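Novice: In UniProt numbering, the protein residues as written are 1 to 124.
C-beta: ideal position from N, C-alpha, C; glycine also.
Small disclaimer: the values here were computed from a predicted structure and weren't measured.
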Amino acid sequence: MPRFYAVSYGPDGAIAGVARTRDDVPARIAKRTVMDLDEWPYPKTPIVPLAESVHERMSVEIFRGCTRGCRFCQAGMITRPVRERTITGIGSMVEQGLKATGYEEVGLLSLSSADHSEIGSVAK
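See the structure below:
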């Protein structure tokens, strides 16, 4: 929670330090990683906007992380390790989501969806 920490800056604008504003919060926050994405709670009834949008489709996250490992890519480094949803899990999310929203299209989301190990089967 950002409000529990105070950030100090150096003369050049770089972060000089981070201090707790309360004693009951950790000095350093540990990263938590969900290893089984099929167990991660996903919205069963996503909010559908009242206004029409260019992207009228259900969004489904098919995996997290990236298989490429490019050192310049922050997202690829901080979302490690790579974790995939199963085809069964993806299918269930799509079926429930389309039924709940009325959308007719699905967007398969990840840092690199084409790298899902079973993207051919998922796309069918």
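Could you tell me the boundaries of the beta strand (DSSP E) in which Gly107 lies?
Specialist: Run containing Gly107: 106-109, per the beta strand (DSSP E) assignment.
Novice: Just verifying my parser: in three-state terms, what is the DSSP assignment at Ala19?
Specialist: Strand.
Novice: Residues bridged to Phe63 by DSSP?
Specialist: Per DSSP, Glu84.
Novice: How about Leu108 and Ala123: do their beta carbons lie closer than 9 Å?
Specialist: Their beta carbons are under 9 Å apart, which means Leu108 touches Ala123 by this criterion.
Novice: Would you identify the three-state DSSP class for Val94, choosing helix, strand or coil?
Specialist: Helix.
Novice: Would you call the region 30-38 and the region 85-103 in contact, with 3 or more CB pairs under 8 Å?
Specialist: With a cut-off of 8 Å, the region 85-103 and the region 30-38 count as touching, because enough Cβ pairs lie within range.
Novice: Starting from Met58, follow its DSSP beta bridges and name the residues at the other end.
Specialist: Paired residues: Val106.
Novice: Pick from Arg22, Lys44, Ala19, Thr79: whose alpha carbon is nearest that of Cys66?
Specialist: Closest by alpha carbon: Thr79.
Novice: Decide if the region 45-58 is in contact with the region 8-28; the criterion is three or more beta carbon pairs, one per stretch, under 8 Å apart.
Specialist: These segments do not touch.
Novice: Pro2 to Ser112, Cα distance in whole Å?
Specialist: One C-alpha to the other measures close to 30 Å.
Novice: Taking all protein chains shown into account, do 16 or more other C-beta atoms lie within 10 angstroms of the C-beta of Ile62, making it buried, or fewer, making it exposed?
Specialist: Buried.
Novice: Quick one: what does DSSP say residue 156 is sitting in, helix, strand or coil?
Specialist: The question about residue 156 has no answer, for the chain in this structure spans 1 to 124.
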